[in-house]
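Residue numbers (my numbering): 635 to 914. Just so you know, even glycine gets a beta-carbon here, dropped at the ideal spot from N, CA and C. Everything numeric in this text was worked out from a predicted model, so none of it was measured. Some notes on the structure that comes next.
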Amino acid sequence: MENLENLKNELVAQINGASDIKMLEEARVAILGKKGRITEMMKVLGALSIEEKKEMGKGLNILKSEVENALENRKAELEAKELNAKLAQEKIDVTLPCRPENQGRIHPVSKIYEEVVAIFGQMGFEVAEGPDIEDQFHNFNALNMPANHPARQMQDTFYIPNPDSADFDDSFVVRTHTSPVQIRTMENKKPPIRIIAPGRTYRSDYDATHTPMFHQVEGLVIDKNITMAHLKGCLYDFVKAFFELDEIPVRYRPSYFPFTEPSAEMDIGCKKSKTELKIG
């Protein structure tokens, strides 16, 4: 038994001397492997007497159990050591500034839309909306442009076939302006009315200054005693608020639109040059 005690101390020292998992595995194989020291000692038990076998077998089983415990404990120590070393290499310095985020921005069209709605909202206007795909009545007929009217040729229109009718006059259109919103508002709301109709409009026109889709804002006021003076004042207050100017040179001039009578346009002077910006 004294020899087994000395052997245990030697084997435990060998196990604890392993500096990494690989060396520990080599020690395990040398002790408990097929040709390990304890395994070889187990093989000679068959040549001993019953009493010697009983005593030696008990001692070897205890030795084997203690060696296995030593191996397990050393393995846990080495794994913890490796983990701590790995964590030390991968630790995060919380005092470092964070990486900058790629923050989004409001799209210029959305920004202008919100500004226009806010300005007219301060004047008491409500926002009205309508479908992008319209019937010809709301897009043309109700706006003083019946079928075959020459004014329809002024707008390059996208037509959509009506699946329920082969008649061209029954075909749908992708709205060429937001004016149909005014018609639908008048159909469903009683005066007084004060609305703006911002939204997308579509025309089959694509060149350096035109795109097939563009944004438009129209306004409609229906009330008693409304005159052109109210229109001029409203537009003037809008451009001052939009361009954030206390004063701005403007000019009103007659124009032609098939669906309004009388018709006019407003020009404004550019702040930094003699050129003009047309609004209308």
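query	result
Boundaries (first-last residue) of the beta strand (DSSP E) holding residue 852	847-856
Endpoints, the beta strand (DSSP E) within which residue 769 is located	767-769
Beta carbon of residue 698 nearer than 8 Å to that of residue 672	yes
Pairwise C-alpha distance: residue 901 and residue 817	27 Å
Buried versus exposed, by CB contacts within 10 Å (16 or more), residue 777	buried
Option in 892, 894, 887, 878 with minimal Cα separation from residue 904	878
DSSP three-state assignment for residue 783, whether helix, strand or coil	coil
Secondary structure of residue 893, DSSP reduced to three states	coil
Three-state class that DSSP yields for residue 728 in the structure shown	coil
With 16 other Cβ atoms within 10 Å as the buried cut-off, status of residue 831	buried
Length of the line joining the Cα atoms of residue 798 and residue 893	29 Å
Contacting residues, own chain, Cβ-Cβ under 8 Å from residue 827 (five flanking each side not counted)	819, 820, 854, 855, 856, 857
Residue range of the beta strand (DSSP E) that includes residue 828	827-836
Outcome for residue 772 when other beta-carbon atoms lying within 10 angstroms are tallied against a minimum of 16	buried
Alpha-carbon to alpha-carbon, residue 834 and residue 848	6 Å
Beta-carbon proximity of residue 852 to residue 811, cut-off 8 Å	yes
Residue 649 burial status per 10 Å Cβ neighbour count (16 or more: buried)	buried
Inter-residue spacing [alpha-carbon to alpha-carbon] between residue 822 and residue 815	11 Å
Residues bridged to residue 844 [DSSP beta-bridge criterion]	841
Spatial distance of residue 702 from residue 688 (CA atoms)	21 Å
C-beta atoms of residue 850 and residue 807 nearer than 8 Å	no
CB-CB length for residue 809 against residue 766, believed under 8 Å	6 Å
Under the three-state DSSP convention, the category residue 742 falls into	helix
Buried/exposed call for residue 647, threshold 16 Cβ in 10 Å	exposed
Three-state secondary structure (DSSP) of residue 882	coil
Best match in 745, 734, 638, 796 for proximity to residue 876 [C-alpha to C-alpha]	745
First through last residue of the beta strand (DSSP E) which encompasses residue 899	898-903
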